[in-house]
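Asker: Following the working numbering, the numbering of the sequence shown begins with 7 at its first residue and continues without gaps.
Below you will find the structure I want to go over with you.
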Amino acid sequence: MATIAQLKALFESFISKDDERFITYGLQIAAHEAKLGHGKIAEELRQLIDNARKKRDSAELNNTVPLVQPQGELARLLSASYPKTRLSEMILSKDISLRLDRVIQEQRHIEEITAHGLQPRRKFLLIGPPGTGKTMTAFALAGELHLPLFIIRLESIITKFMGETSAKLRMVFDSLQKHRGVYLFDEFDSIGAMRASSNDVGEIRRVLNSFLQFIDHDCSNSMILAATNHPNMLDYALFRRFDDVIEYSLPDKMQISELIQNKLAGFVVNDIDYSVLAQNAKDLSFAEITRACEDAIKEMIISKKEFVTEQMVKQMLHERIRYQT
Ligand SMILES: Nc1ncnc2c1ncn2[C@@H]1O[C@H](COP(=O)(O)OP(=O)(O)OP(=O)(O)O)[C@@H](O)[C@H]1O
Ligand SMILES: [Mg+2]
């Protein structure tokens, strides 16, 4: 039988209409049954979940902008995907959450807004330390809007030759115009970082300026996201080009508790003190805490325990802190 904690998590995800979590918990219950030797019921459950997932995916597909796979040279500059990530999977400050909701609403009403001669906000600079959700935000925006996500490989765009770099940037911005999507210039600081490594300062200025001009002149329906954890490497001129600058930070105690609770749902019994765990995760990022929780679940599986204990999580968090130093 599924545990009470598993059933509770399953109901909660059902009530909050969180399909992704509902499926995850269903699969966890199937795995639990298999572990208890109830192979037949586990297989039936998996089958049910698989069918539900297929139904949902095909419903989403009908609602989605068709994915155009980049061809030729463009394929080397961009990677395309259809993320299923949702904003509800992210733990965000109230301020960021409100701003992202607003972006989604504006994008959903893009036709009415442009019909009134207005522009939805669609050019964003995401800044903040590693592992705080910048890249995940691009996935979630694409997932919420059923748009393809194109990740631009800056390292293949920036070449030694200015003319070539400009031509490649032009290809990417042409694609923005032709294929509506979320375009993520990830680790955007690599443009800024060139400043430190290159001895030709003029060259980097030209690359930056050319990028700025493309952003300025872009009047497509696509979203442009540029993410960096070194905003100090960027010129002030760059900031001005974006409709909004969203600043991410390391999680506070409440957010840590919420993250651990989410990650361990279905794997713990009620004797976990999340505030104690949060104290043990001080200064860790969302990404590191997520990994520590996953490590604890793996530990539970390997050691054939039925639940993750507070001690297991503590140990994994301490290991993460040790990796940092
Ligand atoms: N705000 C968040 N809420 C929930 N999970 C998060 C959040 N931020 C990060 N994570 C988890 O950490 C993983 C890595 O995060 P992400 O790649 O978005 O970080 P980033 O800010 O882009 O870091 P980097 O600067 O290193 O590129 C995510 O896939 C997710 O599992
Ligand atoms: Mg990132």
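Every residue gets a Cβ at the ideal spot worked out from N, C-alpha and C, and that includes glycine.
Given the structure is predicted, the values throughout are model-derived calculations rather than measurements.
If you measure between the beta carbons of Val188 and Ala148, is that distance less than 7 Å?
Answerer: With respect to the 7 Å criterion, Val188 and Ala148 are classified as neighbours on the basis of their beta carbons.
Asker: Apart from the five residues just before and just after Thr165, which ones in its own chain have a Cβ nearer than 6 Å to its Cβ?
Answerer: In the same chain as Thr165, and ignoring 5 residues on each side of it, the C-beta atoms closer than 6 Å to its own belong to Thr171, in chain order.
Asker: Between Gly123 and Glu294, how many whole angstroms is the CB-CB distance? I'm expecting something under 8 Å.
Answerer: Not a contact, Cβ separation roughly 46 Å.
Asker: With DSSP as the reference, label Ile116 as helix, strand or coil.
Answerer: Residue state, collapsed to three classes: helix.
Asker: What residue does the beta strand (DSSP E) around Tyr189 start on, and which one ends it?
Answerer: Val188 to Phe191
Asker: Grouping DSSP H, G and I as helix and E and B as strand, with all else coil, what is Glu312?
Answerer: In the structure shown, Glu312 sits in coil (DSSP, three-state: anything other than H, G, I, E or B).
Asker: My parser needs the beta strand (DSSP E) runs of 3 or more residues fully inside the segment 124-160; what are they?
Answerer: 129-133 and 155-158
Asker: Does the distance between the C-beta of Lys174 and the nearest non-hydrogen atom of ligand 2 fall short of 6 Å?
Answerer: For Lys174, the shortest separation between its Cβ and any heavy atom of ligand 2 does not lie below 6 Å.
Asker: Which of the three DSSP states, helix, strand or coil, is assigned to Asp250?
Answerer: strand
Asker: Would you call the segment 88-97 and the segment 22-34 touching, i.e. three or more CB-CB distances under 8 Å?
Answerer: yes
Asker: Taking the CB atoms as reference points, tell me whether Thr143 and Asp192 lie closer together than 7 Å.
Answerer: no
Asker: Among Glu112, Glu117 and Ala121, which has the Cα closest to the Cα of Arg127?
Answerer: Glu112
Asker: Is Leu98 helix, strand or coil by DSSP?
Answerer: Three-state DSSP puts Leu98 in coil, outside helix and strand.
Asker: Beta-carbon separation of Ile252 and Phe130 under 7 Å?
Answerer: Yes, Cβ-Cβ distance for Ile252 and Phe130 is below 7 Å.
Asker: Which residue comes first and which comes last in the alpha helix (DSSP H) that contains Leu33?
Answerer: Leu33 -> alpha helix (DSSP H) spans Asp25 to Lys41.
Asker: For the segment 219-236 against the segment 259-275, do three or more pairs of beta-carbon atoms, one drawn from each stretch, fall closer than 8 Å, so that the two count as touching?
Answerer: no
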